[in-house]
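Working notes, structure below.
There are 2 protein chains.
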Amino acid sequence: MSRREEVIVAATELFARDGFHAVGMRAIAEAVGIRGSSLYHYFPSKLDLLHAIALDSTRAFIETQLPSVEAFPSYADRIRQLIQAHVLYFHVHRQEEAVGLRELQELRENAPARYAEIQAIRRSYQDALERMIVAGMAAGEFECEDAHLAALAVLGLVNSVNDWFRVTGHYTIDHVAVSYAQIGVGGILGGR
Amino acid sequence: MSRREEVIVAATELFARDGFHAVGMRAIAEAVGIRGSSLYHYFPSKLDLLHAIALDSTRAFIETQLPSVEAFPSYADRIRQLIQAHVLYFHVHRQEEAVGLRELQELRENAPARYAEIQAIRRSYQDALERMIVAGMAAGEFECEDAHLAALAVLGLVNSVNDWFRVTGHYTIDHVAVSYAQIGVGGILGGR
DNA sequence: GTCTATATTGAGATAGAC
DNA sequence: GTCTATCTCAATATAGAC
Numbered sequence: 202m203s204r205r206e207e208v209i210v211a212a213t214e215l216f217a218r219d220g221f222h223a224v225g226m227r228a229i230a231e232a233v234g235i236r237g238s239s240l241y242h243y244f245p246s247k248l249d250l251l252h253a254i255a256l257d258s259t260r261a262f263i264e265t266q267l268p269s270v271e272a273f274p275s276y277a278d279r280i281r282q283l284i285q286a287h288v289l290y291f292h293v294h295r296q297e298e299a300v301g302l303r304e305l306q307e308l309r310e311n312a313p314a315r316y317a318e319i320q321a322i323r324r325s326y327q328d329a330l331e332r333m334i335v336a337g338m339a340a341g342e343f344e345c346e347d348a349h350l351a352a353l354a355v356l357g358l359v360n361s362v363n364d365w366f367r368v369t370g371h372y373t374i375d376h377v378a379v380s381y382a383q384i385g386v387g388g389i390l391g392g393r
Numbered sequence: 202m203s204r205r206e207e208v209i210v211a212a213t214e215l216f217a218r219d220g221f222h223a224v225g226m227r228a229i230a231e232a233v234g235i236r237g238s239s240l241y242h243y244f245p246s247k248l249d250l251l252h253a254i255a256l257d258s259t260r261a262f263i264e265t266q267l268p269s270v271e272a273f274p275s276y277a278d279r280i281r282q283l284i285q286a287h288v289l290y291f292h293v294h295r296q297e298e299a300v301g302l303r304e305l306q307e308l309r310e311n312a313p314a315r316y317a318e319i320q321a322i323r324r325s326y327q328d329a330l331e332r333m334i335v336a337g338m339a340a341g342e343f344e345c346e347d348a349h350l351a352a353l354a355v356l357g358l359v360n361s362v363n364d365w366f367r368v369t370g371h372y373t374i375d376h377v378a379v380s381y382a383q384i385g386v387g388g389i390l391g392g393r
């Protein structure tokens with residue numbers, strides 16, 4: 202792992218726990234074993250560091266997700282797989298994804314172009330889900346009134362898991378992934 | 202409105218837009234028309250101010266929500282009403298609720314007792330919803346496998362609305378409230 | 001209840017040696 | 001690529017006058 206990657210990993214962990222503004226450059230540097238000023242060799246500013254984290258995590262998620270569904274013939278199975286993979290990925294990478302979701306507003310206020318870049322990627326994922334829902338409706342697999350609202354509902358559902366799931370709780374993440382896939386496809390989308 | 206309330210309103214607006222750590226005491230004071238040091242007459246610290254906002258907004262929400270459902274005879278109608286009222290309340294009070302949700306972690310790290318206090322209130326709401334689901338299942342109104350997981354799914358769904366809803370968009374908040382109530386009761390809970 | 005003045009600390013960032 | 005040293009600014013909070 203390059204030093205630059207080490208910085209990203211350390212910063213992600215700290216940002217996820219304490220929030221972007223609560224973490225100083227010195228704290229990030231200390232976690233890597235260098236001095237604060239050395240960070241500026243890799244990132245011109247703290248905001249650039251946040252941008253790198255948010256962009257990397259968003260890209261990695263999308264690039265993992267979308268190909269995972271192509272093998273399934275029915276739209277119901279594709280979306281079931283998408284939801285399961287989404288829940289599992291967000292659990293494994295919960296720190297990056299927490300930062301990517303929570304601190305997006307920071308970029309929105311202070312770096313609109315970079316915010317737009319990341320939002321466009323997220324949006325492409327949402328659109329892909331919505332197209333699957335529309336296609337599934339046309340194929341008679343789903344019964345729902347509004348594909349756009351249904352896509353938002355499914356994403357709201359899966360993104361909420363990390364707010365409450367703890368490995369010390371009563372469920373395994375695999376159980377939650379399967380259950381939420383059923384709630385999404387069988388419940389929200391009215392799939393058979 | 203008392204000055205103390207003015208401070209809370211101004212701080213809520215700023216915290217909601219920029220985040221707790223990005224807003225200085227001076228900025229809050231300026232929004233009210235006083236000096237930074239005068240804020241300490243009302244709140245002993247910035248964290249106390251955040252606690253007041255989070256506690257007030259959480260209490261106000263619960264006290265509005267739970268009585269609103271009592272008039273309905275069936276559990277399906279109660280939960281439908283609960284979801285609708287939840288979506289509408291979170292829209293009208295989106296600033297307070299955004300702060301109450303997003304900055305909870307700040308309290309969790311720096312004031313565990315106060316965090317626990319607020320979490321207990323939120324938990325009582327979640328438990329009330331879960332009991333309605335259990336009762337509805339017993340009455341044959343719902344078809345779902347796990348009331349606890351279903352309650353979490355419903356809350357995840359309704360809490361996600363403020364992440365994407367904009368008054369300038371294609372939907373009215375009333376339409377979303379009705380649609381999400383249907384998705385919740387007819388979809389997630391398998392209600393008839 | 002609000003002010004001025006200030007204590008104290010730490011932030012993000014830069015310059016320039018090595 | 002990392003360091004020391006430092007700039008500049010703003011943060012939370014306090015003391016004490018009015």
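Chain order of the listed sequences is U and Y.
So for the first sequence, the working numbering puts the first residue at 202; every next one is plus one.
So for the second sequence, the working numbering puts the first residue at 202; every next one is plus one.
For each residue, glycine too, the CB sits at the ideal point set by N, CA and C.
Residue-level contact to chain U via CB, residue i, 8 Å cutoff
| i | result |
| --- | --- |
| Gln-306(Y) | yes |
| Ile-389(Y) | yes |
| Leu-215(Y) | no |
| Tyr-326(Y) | no |
| Glu-331(Y) | no |
| Tyr-381(Y) | yes |
| Ala-286(Y) | no |
| His-198(Y) | In the structure displayed, chain Y extends from 202 to 393; residue 198(Y) sits before or after that span and is not available. |
| His-252(Y) | no |
| Gly-392(Y) | no |
| Gly-357(Y) | yes |
| Glu-310(Y) | yes |
| Leu-289(Y) | no |
| Leu-353(Y) | yes |
| Ala-223(Y) | yes |
For residue i, the nearest candidate out of the options (CA to CA)
| i | options | result |
| --- | --- | --- |
| Ala-253(Y) | Asn-363(Y), Ala-339(Y), Tyr-316(Y) and His-371(Y) | Tyr-316(Y) |
| Pro-324(U) | Thr-259(U), Val-293(U) and Tyr-372(U) | In the sequence as displayed, the identity of residue 324(U) is Arg instead of Pro. Of the candidates Thr-259(U), Val-293(U) and Tyr-372(U), the one whose C-alpha sits nearest the C-alpha of Arg-324(U) is Thr-259(U). |
| Asp-347(U) | Tyr-381(Y), Glu-342(Y), Gln-320(Y) and Asn-360(Y) | Tyr-381(Y) |
| Arg-332(U) | Tyr-276(U), Ile-209(U) and Val-386(U) | Tyr-276(U) |
| Ile-280(U) | Gly-337(U), Arg-295(U) and His-371(U) | Gly-337(U) |
| Gly-385(Y) | Tyr-326(Y), Glu-307(Y), Leu-308(Y) and Asp-278(Y) | Asp-278(Y) |
| Gly-341(U) | Arg-295(U), Gly-391(U), Val-368(U) and Arg-303(U) | Gly-391(U) |
| Val-368(Y) | Arg-309(Y), Arg-295(Y) and Val-270(Y) | Arg-295(Y) |
| Ala-329(Y) | Ala-223(Y), Ser-269(Y) and Pro-245(Y) | Ser-269(Y) |
| Gln-327(Y) | Thr-265(U), His-371(U), Asp-219(U) and Trp-365(U) | Trp-365(U) |
| Phe-343(Y) | His-371(Y), Pro-245(Y) and Gly-387(Y) | Gly-387(Y) |
| Val-377(U) | His-287(U), Asp-219(U) and Ala-339(U) | His-287(U) |
| Asp-219(Y) | Ala-339(U), His-371(U), Gly-370(U) and Gln-306(U) | Gln-306(U) |
Beta carbon proximity, residue i to chain Y, threshold 8 Å
| i | result |
| --- | --- |
| Gly-237(U) | no |
| Ile-384(U) | yes |
| Leu-350(U) | yes |
| Ser-361(U) | yes |
| Ala-232(U) | no |
Sequence-distant residues of the same chain with beta carbon closer than 8 Å to residue i, five excluded per side
| i | result |
| --- | --- |
| Asn-311(U) | Leu-248 |
| Ile-389(U) | Cys-345, Ala-351, Ala-354, Val-355 and Leu-358 |
| Val-379(Y) | Gln-285 |
| Asp-375(U) | Leu-289 |
| Ser-239(U) | Ala-230 |
| Leu-308(U) | Leu-248, Leu-251, His-252, Ala-255, Arg-315, Tyr-316 and Ile-319 |
| Leu-302(U) | Asn-360 |
| Val-224(Y) | Ala-212, Leu-215 and Phe-216 |
| Thr-265(U) | Ala-286 and Tyr-290 |
| Asp-257(U) | Ile-209 and Glu-297 |
8 Å Cβ cutoff met for residue i and residue j
| i | j | result |
| --- | --- | --- |
| Phe-221(Y) | Leu-267(Y) | no |
| Thr-373(U) | Val-300(U) | no |
| Phe-291(Y) | Gln-282(Y) | no |
| Ala-261(Y) | Ile-319(Y) | no |
| Val-208(U) | Ile-229(U) | yes |
| Ser-361(U) | Ser-361(Y) | yes |
| Glu-298(U) | Asn-363(U) | yes |
| Ile-263(U) | Ile-334(U) | no |
| Phe-216(Y) | Glu-304(Y) | yes |
| Gly-234(Y) | Met-226(Y) | no |
Same chain, Cβ closer than 6 Å to residue i, five either side skipped, listed in chain order
| i | result |
| --- | --- |
| Tyr-243(Y) | Arg-205 and Val-208 |
Residues of its chain near residue i, where Cβ-Cβ distance is below 7 Å and the 5 sequence neighbours each way are ignored
| i | result |
| --- | --- |
| His-349(U) | Glu-331 |
| Ala-232(Y) | Ala-211 and Leu-215 |
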